[in-house]
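Below: the structure, in structure tokens.
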Amino acid sequence: MAHAFKNCSNLMVTGANRGLGLQIVETLATGGFSPGKIIATARNPDGAKELQKLAGEHQNIHIIKLDVTSQESIESAASEVEQLVQKEGLNCLINNAGINVVANLETVTADKMLENFHTNSVAPLMITKAVLPLLKRAAAKGTGMGIHRAAVINMTSLLGSVELYWGDRANSFKWYPYRTSKSALNMVTRCLAVDLEADGILCMALHPGWVRTDMGGPDAPLSPEESISCVLSVIGGLTEKDHGSFLHYTGEQLPW
């Protein structure tokens, strides 16, 4: 599953203190083919007890403080990442940090919309922009496209698909802030794909499934282990044909 990651020297995942982010770090660290360095970010590293435990057991895990809604924090984290990766650059950025502000037409407010939009749509763009020199540094050393060179993976949601939210599906999850923030993230991904293609940096959006996490809830059909096993398999196999794509955790194409 994670064999392809043996060719990925340095990987960064945001929101690694819990849920899917934590599972990504754990699966890579214990899989036998983990990247040279796993850079795991958390808004409050001191409170991320499970992540701290993992880092104590695996020397290639490096925890960095990052508040994705603070530009100052993003720039500070990018400087720390550069110190860690140095000349090698960054091979894979997984923009995983996200929140779900639940609000329907009756309860939605401008503040709720902006809160969700900032974390789920703006932050991944600003983080990618901050570490872009490191992605370009890694991309300059290879050919083709994929995590062996440089890739930006934006963890999105099927709920952000405009096409799918119609007909029978239109009566479920009436979450204005979350759905629109993920639709915006999908467009951010496409914009990045256009702008970074010449640099050989693969950009794509990936839906991890409905998972039993704090965000997904206890009724979700997938465990974090099941989801991330599939997610990492997809990420590890990405090539030029997947650049600018929106994929299901099974690897299937999803409609925008």
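16 is the number of the first residue of the sequence shown in our numbering; add one for each residue after it. Just so you know, even glycine gets a beta-carbon here, dropped at the ideal spot from N, CA and C.
C-alpha distance - residue i paired with residue j, whole-angstrom precision
i, j, result
"S248", "A112", "20 Å"
"I89", "Q98", "14 Å"
"N32", "T204", "24 Å"
"S238", "I216", "30 Å"
"I54", "G30", "11 Å"
"A70", "I250", "23 Å"
"S91", "K102", "18 Å"
"A220", "A44", "23 Å"
"D257", "C218", "8 Å"
Boundaries (first-last residue) of the beta strand (DSSP E) holding residue i
i, result
"I168", "A166 to M170"
DSSP-derived helix/strand/coil call for residue i
i, result
"T254", "coil"
"H133", "helix"
"C23", "coil"
"T56", "strand"
"I78", "strand"
"I109", "strand"
"G30", "coil"
Buried or exposed (CB count within 10 angstroms, at least 16 for buried), residue i
i, result
"S172", "buried"
"D183", "exposed"
"M202", "exposed"
"T42", "buried"
"P236", "exposed"
Run of the alpha helix (DSSP H) containing residue i, from where it starts to where it stops
i, result
"A93", "Q86 to V100"
Taking three-plus beta-carbon pairs below 8 Å as touching, is the segment 125-141 in contact with the segment 151-162? Result no; under three Cβ-Cβ pairs closer than 8 Å.
Check whether the segment 176-184 and the segment 54-61 touch, using three or more Cβ-Cβ pairs below 8 Å as the test. Touching, no, given that fewer than three Cβ pairs across the two stretches are closer than 8 Å.
Contact between the segment 70-80 and the segment 116-123: three or more CB pairs below 8 Å? The segment 70-80 is not in contact with the segment 116-123.
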